[in-house]
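Structure first, then comments.
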Amino acid sequence: MVVLLALLLALGVTHGYIGKTNLPYNDQQVYCGGYWFQSITSASCIKIFTTGKSWQDARLTCQEEGGDLAKIRDKEMNFFVRSLVDTPPKNERYWIGLHRKPNSTKFVWLDEENVTKYTKWGKNEPSKDAEKNCVAIEQAYYEPWTTKKCSAKLNFACEKPLRDSKYSALFYVVEQPYP
């Protein structure tokens, strides 16, 4: 018990809890690591980059950070990622991990999972233009997903598993008064 308390104090955690849950802002920072935020609907952390890069360069940056481009699984994840990017300047676009499968009209996530459950395509999307093979989200929640040329320099959203986060843990710390 003393070792556990010492470990928690060393990590800077003195209250709250750790686990698969929606943690308060400060605990999210500790749990996911600097500038990564825990998704409230999945066991993952999201980080937003505001440096324009091509889709492939954005993916490499995410991989260097221990993750990959974000996968938008459901409307809650879509809302969460958009809430992180909803800051000035407006009308920005952000790469996500959806792309057109080579020699196909199908769009798939980086893990090759087909997009069948949740999509947020806009009018006339996805584009049939063979050069628009990568997908970006618009900044505002109500805006749809759009296809872009993969060489376009856009901001991007990275995702990494919660279990791979620097401070991940398999236990819960419940706030209790010190003896």
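So the sequence shown is residues -16 to -1, 1 to 163, counted in mature numbering (1 follows the signal peptide of the UniProt record, and there is no 0).
All C-beta atoms, glycine included, are put in the ideal place defined by N, C-alpha and C.
Asked                                                                                                           : Found
For A141 and V69, believed in contact at Cβ under 8 Å, the rounded distance                                     : 7 Å
CA-to-CA distance, D95 to Y19, given in whole angstroms                                                         : 24 Å
3-residue-minimum beta strand (DSSP E) runs that sit fully inside the region 51 to 107, ordered along the chain : 77 to 84, 91 to 93
C-alpha gap between N10 and C29, whole angstroms                                                                : Confidence at N10 is low in this model, with a pLDDT of 46, below 50, so its placement is unreliable and the value that follows should be read with caution. Each residue's Cα considered, the two are about 14 Å apart.
Of the residues A136, F21, K85, V65, the one placed nearest Q123, counting alpha carbons only                   : V65
Where E109 sits in the DSSP three-state scheme                                                                  : coil
Where C16 falls: helix, strand or coil (DSSP)                                                                   : helix
Cβ-Cβ separation, L53 to I80 (assumed contact under 8 Å), whole Å                                               : 6 Å
Per-residue burial, K150 [other beta carbons within 10 Å of its own, 16 or more giving buried]                  : Because K150 sits at a pLDDT of 48, beneath the cut-off of 50, its placement in the model cannot be relied upon, and the point is left open.
Assigned exposure category for E48 - 16 Cβ within 10 Å defines buried                                           : exposed
Buried or exposed (CB count within 10 angstroms, at least 16 for buried), A42                                   : buried
Distance, D58 Cα to K90 Cα                                                                                      : 18 Å
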